[in-house]
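Report on the following structure.
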Amino acid sequence: QARLDYTKFLEHHSNELLPGGVLILCIGCTNDNGFHGGIEIIFQLLYKCAKLLPMTEEELLDFTFPVYYQNYKELIDYDLFKKFSLKLIKFELCEIRIDMLTRFQQGELTLDEFAKHGTQFVRSWSEPLLQEILEKNNHRSKEAVKILLEQFWNIYEQEVKELANQFNIHGFITFLILKKDLL
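Quick note on my numbering: the sequence shown kicks off at 936 and runs consecutively.
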């Protein structure tokens, strides 16, 4: 599925580009060893906290984040680029680190600050899905959903405090610069 999505993405954006136009991509990926960073703990905690809320089995099933990280080499496909009249100008694999754990371990952040910042980061991209699921069948009022969301994030923040030293989060990003061929 990831391959198909990537192919369709390139096809669509190639059609939008004018000849000579440049497409710059930043894509999460794995390194040569298949490692993509320590983010699994985030997904495990999200699900653990969701199970502590009064959610149905269907709602829990809907609360998933399907993530597949391609190896960065899979993203560099000259035949695919050629198919869509794209030329690879440059690519680079970069490791990115979130330094919150280091800052916490060195005393620059308190445990409360560490947990709060970590929770805010995860909340920024995961709450819309949870909110949609909680609102989905109209069996909860807006106020009930708001209360459940606050409960969820309070639980999540407490879990982060308890597992703080496991949040050694980093990942790999492939930067690609592609140029649309001139006609």
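Backbone N, C-alpha and C fix where the C-beta goes; we use that ideal spot for every residue, glycine too.
Contacts around residue i, its chain only, beta-carbon distance under 7 angstroms, and the 5 residues preceding and following it disregarded
i, result
"residue 949", "1019, 1020, 1021, 1115"
"residue 894", "Nothing about residue 894 can be reported from this structure: the residues present for the chain run from 936 to 1118 only."
Beta-carbon proximity list for residue i, same chain, < 8 angstroms, skipping 5 on both sides
i, result
"residue 1000", "978, 981, 1061, 1064"
"residue 965", "971, 1004, 1005, 1006, 1007, 1107"
"residue 1093", "1050"
"residue 1052", "1035, 1044"
"residue 956", "1114, 1115"
"residue 1095", "980, 1049, 1050, 1053, 1054, 1102"
"residue 989", "1083"
Simplified DSSP assignment, three categories, for residue i
i, result
"residue 971", "coil"
"residue 1043", "coil"
"residue 1074", "coil"
"residue 1102", "coil"
"residue 991", "coil"
"residue 966", "coil"
"residue 1002", "coil"
"residue 1113", "strand"
"residue 1019", "coil"
Sub-8 angstroms separation of residue i and residue j beta-carbons
i, j, result
"residue 1117", "residue 1015", "no"
"residue 996", "residue 985", "no"
"residue 1045", "residue 1088", "no"
"residue 1027", "residue 1110", "yes"
"residue 976", "residue 1101", "yes"
"residue 1112", "residue 959", "yes"
"residue 1068", "residue 998", "yes"
Beta-carbon contacts of residue i that lie in its chain and below 6 angstroms, excluding the five residues immediately before and after
i, result
"residue 1098", "none"
"residue 1048", "none"
Cβ-Cβ separation, residue j to residue i (assumed contact under 8 angstroms), whole Å
i, j, result
"residue 1066", "residue 1080", "6 angstroms"
"residue 1033", "residue 1104", "5 angstroms"
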